[in-house]
Amino acid sequence: MKNRREFVLALTAGLVALAVVITPVIADELLGVITKIDVAGKKLTVVEKDTDKEVVVTTNDDTEQVSKKGNQKVDLEKLSGFLSKVQDAGKKGIQAKVTHEKGVASKIQLIFQKKADN
């Protein structure tokens with residue numbers, strides 16, 4: 037009886053410790069449209085998909101851009117040029133999924149929709 041209690045207690049303590057360690061590590065994902073890019077300030081303005089709320093996310097040297105070719109460091113100047121082309125074409129901005137923690141982006145994944153075959 038004593039062995040079972042000790043095992044359950046140790047298992048419970050281990051699960052609680054694991055939850056405490058893992059919970060802060062989980063980053064937030066922001067799904068929406070990139071509408072503004074401040075290259076000098078290293079900031080992106082993303083309009084959330086469901087709420088239409090603007091969220092400003094900061095990038096740093098560790099921020100990666102995820103693509104089919106693999107992960108690479110984000111180039112805000114290139115991204116800004118692409119954003120201006122998309123907005124000139126009449127769209128609101130670039131659809132993206134931004135993984136961030138406390139407003140600092142770790143990954144940016146651009147979402148491209150497939151064109152319908154006619």
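Each residue of the sequence shown is one higher than the one before, counting from 37 in the working numbering.
Where is the CB? At the ideal position from N, CA and C, for every residue including glycine.
Everything numeric in this text was worked out from a predicted model, so none of it was measured.
Beta strand (DSSP E) segment containing residue i, residue limits
i: Val134; result: Ile130 to Glu137
i: Asn107; result: Gly106 to Lys109
i: Gln149; result: Premise fails: Gln149 is in no beta strand (DSSP E) and is neither H nor E.
Cβ-Cβ distance between residue i and residue j below 8 Å
i: Ala132; j: Thr99; result: no
i: Val82; j: Val93; result: yes
i: Ile70; j: Ile130; result: yes
i: Val75; j: Ser120; result: no
For residue i, the nearest candidate out of the options (CA to CA)
i: Val91; options: Ala76, Asn107, Gly68 and Lys104; result: Gly68
i: Glu65; options: Ile147, Val122 and Glu137; result: Glu137
i: Val122; options: Arg41, Gly139 and Lys72; result: Lys72
i: Asp111; options: Lys85, Thr87, Lys89 and Ile144; result: Ile144
Straight-line Cα distance separating residue j from residue i
i: Lys128; j: Glu113; result: 18 Å
i: Asn96; j: Lys78; result: 7 Å
i: Arg40; j: Gly50; result: 15 Å
i: Lys85; j: Val134; result: 12 Å
i: Asp124; j: Val52; result: 52 Å
i: Gln108; j: Gly139; result: 20 Å
i: Ala55; j: Thr48; result: 11 Å
i: Thr87; j: Gly106; result: 30 Å
Reduced DSSP secondary structure (H/G/I, E/B, other) of residue i
i: Asn39; result: helix
i: Gly68; result: strand
i: Gly77; result: coil
i: Thr94; result: strand
Range of the contiguous alpha helix (DSSP H) that encloses residue i
i: Lys143; result: Segment Val140 to Leu146 is the beta strand (DSSP E) holding Lys143; no alpha helix (DSSP H) there.
i: Gly117; result: Leu112 to Asp124
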